[in-house]
Amino acid sequence: MAAAEEKTSPEISEMSWHGIVLQTLKRNDIRLVPYVPDRVLTTLIRNLHADPFFTTFPTAREEEAVGIVSGAWMGGMRGAVLMQTSGFATLANVLASLAIPYQIPLIMFVSERGTLGEFNYGQSLVCRTMRPVLDSLAMEHHTATRLDEFEFIVDRSIKQAITTQAPVALILSPLLTGGKVFDK
Amino acid sequence: MTNETPARNTKVMNRFDLTSRLVAKLKNEEAVIGGIGNTNFDLWAAGHRPQNFYMLGSMGLAFPIALGVALAQPERRVFALEGDGSLLMQLGSLSTIATLAPKNLTMVVMDNGIYQITGAQPTPGAAVADIVAIAVASGLANSAWAADEEDFERLIEQSMSAAGPTLIGVRIDDKPGVGTTRRDPVQIRERFMHGMSVREPL
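Just so you know, the protein sequences line up as chains L and H, in that order. Residue 105 in our numbering sits at position 105 of the first sequence; the count goes up by one each step and never skips. Residue 209 in our numbering sits at position 25 of the second sequence; the count goes up by one each step and never skips.
Encoded structure:
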């Protein structure tokens, strides 16, 4: 994989955050992308559906999506899961009993709700559970806030997850995505 | 109380016997995903195969894991064995599977109406819910209760050439699992990936 040695290309750094996710998934041969939606992820999900490279579909729960990409990895197909913060909060059991002990490179993109202008109190409380859960499981996680660093973080994190057979959470901060604004 | 499931014209069978009948039919390195607890204990006891995956936690995810394997390897037949209590935790997965409609996936629900491994407490739906009816209503048209052992074998064989995913419900007794899975998750996963021809042995 020559991609590991590539520098961030000027084309990629000029792309939107969701364009970088899509291109970086593709470059790392990640074809299976189940998700539970989030307003912020809408454009990414639409573009994944429009690209025949990807098998992408909604699931009823986030842990279901984790089970699916775990099975796919063992069958030789790479996957990633998209969710929002409240969905991550449902995952402690499956992370601790499937992804981590079986050493499965689960790649998660978590749209961060509950911070930087959150208007829903429940979302802000559940957000505070996320990093303590990740830290208590000693799971690799990165919070992406800047477009110019984003491709590096995503690409290197995917490669590290696969080569070390360990899960990773990529948290998409409102500083990167614009977040969800209080409009109704 | 333990078998007070709704009256059906179905025999109460035994999980280890049914699992052994299924394993005896496997000739083409088919994958088999065992749910947590007794489901995978009996799968282990029916004869270990590298194509078996044994869950040690993540209750309710046998069908989603099997779906992932089925999507990754559409030419390989994938079976999943799940308990009724486990399935109740993840009913939404039936709709996901119905929508994706992998034709190489066969799901078996071992229904005894109890959380057997934790002390045989009844599941919340034990007396009223019909797992096969739920599966049909979730979009899995090819779902049926097995009337007896011979019917189970017939349904398994039928599923191997079905045009869509198959779900087979079996009423089982409350006998404990026969074996005990070796509890080494990395070894289980690595052996399974060898069985799936994804990895070479070291």
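Just so it is clear, CB atoms sit at the ideal spot from N, CA and C, and this is done for glycine as well. Here the structure is a predicted model, which means the values were calculated and not measured.
Span separating the alpha-carbon of residue i from that of residue j
| i | j | result |
| --- | --- | --- |
| Gly75 of chain L | Phe336 of chain H | 27 angstroms |
| Thr283 of chain H | Ile315 of chain H | 18 angstroms |
| Ala229 of chain H | Ile100 of chain L | 26 angstroms |
| Gly184 of chain H | Ile30 of chain L | There is no way to answer for residue 184 of chain H, as the model of chain H reaches only from 185 to 386. |
| Ser204 of chain H | Leu227 of chain H | 8 angstroms |
| Ile217 of chain H | Leu240 of chain H | 11 angstroms |
| Ala256 of chain H | Val382 of chain H | 11 angstroms |
| Gly117 of chain L | Ala60 of chain L | 28 angstroms |
| Met380 of chain H | Ser16 of chain L | 38 angstroms |
| Gly303 of chain H | Arg366 of chain H | 22 angstroms |
| Gly178 of chain L | Asp332 of chain H | 58 angstroms |
| Ala4 of chain L | Thr164 of chain L | Residue confidence for Ala4 of chain L is low, a pLDDT of 45 falling below 50, so the modelled location carries little weight; the figure read from the coordinates is stated next. Cα to Cα, Ala4 of chain L sits roughly 15 angstroms from Thr164 of chain L. |
| Arg78 of chain L | Asn28 of chain L | 9 angstroms |
| Tyr299 of chain H | Pro360 of chain H | 11 angstroms |
| Val81 of chain L | Leu106 of chain L | 8 angstroms |
| Val126 of chain L | Gln160 of chain L | 28 angstroms |
| Phe119 of chain L | Pro308 of chain H | 36 angstroms |
Any C-beta of chain L under 8 angstroms from that of residue i
| i | result |
| --- | --- |
| Leu375 of chain H | For the sequence presented, residue 375 of chain H should be read as Arg rather than Leu. No, because no Cβ of chain L sits closer than 8 angstroms to the Cβ of Arg375 of chain H. |
| Ser277 of chain H | yes |
| Met294 of chain H | no |
| Leu289 of chain H | no |
| Thr302 of chain H | no |
| Leu245 of chain H | yes |
| Gln235 of chain H | no |
| Thr403 of chain H | In the structure as shown, chain H starts at 185 and stops at 386, and residue 403 of chain H therefore has no counterpart that could be examined. |
| Thr280 of chain H | yes |
| Gln342 of chain H | no |
Other residues of its chain near residue i: CB distance less than 8 angstroms, five sequence neighbours each side excluded
| i | result |
| --- | --- |
| Leu98 of chain L | Val66, Gly67, Ser70, Ile104 |
| Pro58 of chain L | Pro34, Tyr35, Val36, Pro37 |
| Glu63 of chain L | Thr90, Leu91, Asn93, Val94 |
| Val370 of chain H | none |
| Phe88 of chain L | Glu62, Met108, Val110, Met130, Val133, Ala169 |
Residue-level contact to chain H via CB, residue i, 8 angstroms cutoff
| i | result |
| --- | --- |
| Gln84 of chain L | no |
| Ala72 of chain L | yes |
| Met1 of chain L | Any answer about Met1 of chain L is weak, because its pLDDT of 42 lies below 50 and its placement is not dependable; what the coordinates show is given next. Cβ-Cβ to chain H under 8 angstroms: no for Met1 of chain L. |
| Asn93 of chain L | yes |
| Glu62 of chain L | no |
| Glu5 of chain L | With a pLDDT of only 48 at Glu5 of chain L, under the threshold of 50, the placement of this residue in the model should not be trusted; the figure read from the coordinates follows. No, Glu5 of chain L lies away from the interface with chain H (no Cβ there is under 8 angstroms from its Cβ). |
Reference residue i; option with closest CA among the options
| i | options | result |
| --- | --- | --- |
| Gln23 of chain L | L:Arg39, L:Thr42, L:Ser86, L:Asn47 | L:Asn47 |
| Met108 of chain L | L:Gly114, L:Pro167, L:Thr163, L:Ala50 | L:Pro167 |
| Arg199 of chain H | H:Met380, H:Leu386, H:Arg355 | H:Arg355 |
| Arg146 of chain L | L:Leu44, L:Asn120, L:Leu175 | L:Leu175 |
| Ala285 of chain H | H:Pro349, H:Leu245, H:Leu272, H:Met239 | H:Pro349 |
| Ala311 of chain H | H:Gly303, H:Asp295, H:Ile301, H:Arg338 | H:Asp295 |
| Phe247 of chain H | H:Leu289, H:Gln300, H:Gly297 | H:Leu289 |
| Leu265 of chain H | H:Lys195, H:Thr364, H:Gly221, H:Met380 | H:Gly221 |
| Ala197 of chain H | H:Leu245, H:Lys211, H:Glu334 | The amino acid occupying residue 197 of chain H in the given sequence is Met; Ala does not appear at that position. When each option's Cα is compared against that of Met197 of chain H, the closest is H:Glu334. |
| Glu374 of chain H | L:Leu172, L:Tyr102, L:Gln160, L:Glu140 | L:Tyr102 |
| Glu214 of chain H | H:Ser242, H:Met243, H:Ile281, H:Arg261 | H:Arg261 |
| Glu14 of chain L | L:Asp148, L:Arg156, L:Phe119, L:Ser124 | L:Asp148 |
| Thr85 of chain L | L:Ile162, L:Val110, L:Glu118 | L:Val110 |
| Val293 of chain H | H:Leu272, H:Gly309, H:Asp268 | H:Asp268 |
| Phe53 of chain L | L:Leu25, L:Thr43, L:Trp73 | L:Leu25 |
Spatial neighbours of residue i in its chain, beta-carbon cut-off 7 angstroms, leaving aside the 5 residues before and after
| i | result |
| --- | --- |
| Ala346 of chain H | Lys287, Asn326 |
| Ile20 of chain L | Ile12, Phe150, Glu151, Val154 |
| Trp387 of chain H | Nothing in the structure corresponds to residue 387 of chain H, since chain H is present only between 185 and 386. |
| Lys180 of chain L | Arg39, Val40, Arg113 |
| Ala254 of chain H | Val262, Pro286, Asn288, Leu289 |
Beta-carbon neighbours of residue i, restricted to chain H and to distances below 7 angstroms
| i | result |
| --- | --- |
| Ser97 of chain L | Leu240, Gly241, Ser242 |
| Ile189 of chain L | Within the shown structure, residues of chain L are numbered from 1 to 184, placing residue 189 of chain L beyond reach of any answer. |
Within chain L, partners of residue i - CB distance below 8 angstroms
| i | result |
| --- | --- |
| Leu284 of chain H | Phe57 |
| Val382 of chain H | Met74, Gly75, Gly76 |
Cβ neighbours of residue i in the same chain (closer than 6 angstroms, five flanking residues each side left out)
| i | result |
| --- | --- |
| Ala319 of chain H | Leu278, Ser327, Leu351 |
| Phe376 of chain H | Phe237 |
| Ser343 of chain H | Thr290, Thr350 |
| Leu251 of chain H | Ile281 |
| Gln274 of chain H | Gly244 |
| Thr56 of chain L | Val33, Leu48, His49 |
Contact set between residue i and chain H, taken where Cβ atoms lie within less than 9 angstroms
| i | result |
| --- | --- |
| Met139 of chain L | Within 9 angstroms Cβ-Cβ: nothing; Met139 of chain L doesn't reach chain H, min ~16 angstroms. |
| Glu112 of chain L | Within chain H, no residue comes near Glu112 of chain L; the closest Cβ sits about 24 angstroms away, beyond 9 angstroms. |
| Leu32 of chain L | Gly252, Leu255, Ala256 |
Contacts of residue i in chain H (Cβ-Cβ under 8 angstroms)
| i | result |
| --- | --- |
| Pro101 of chain L | Leu240, Gly241, Pro369, Val370 |
Beta-carbon neighbours of residue i, restricted to chain L and to distances below 9 angstroms
| i | result |
| --- | --- |
| Gln274 of chain H | Ala60, Arg61, Glu63, Glu64, Gly67 |
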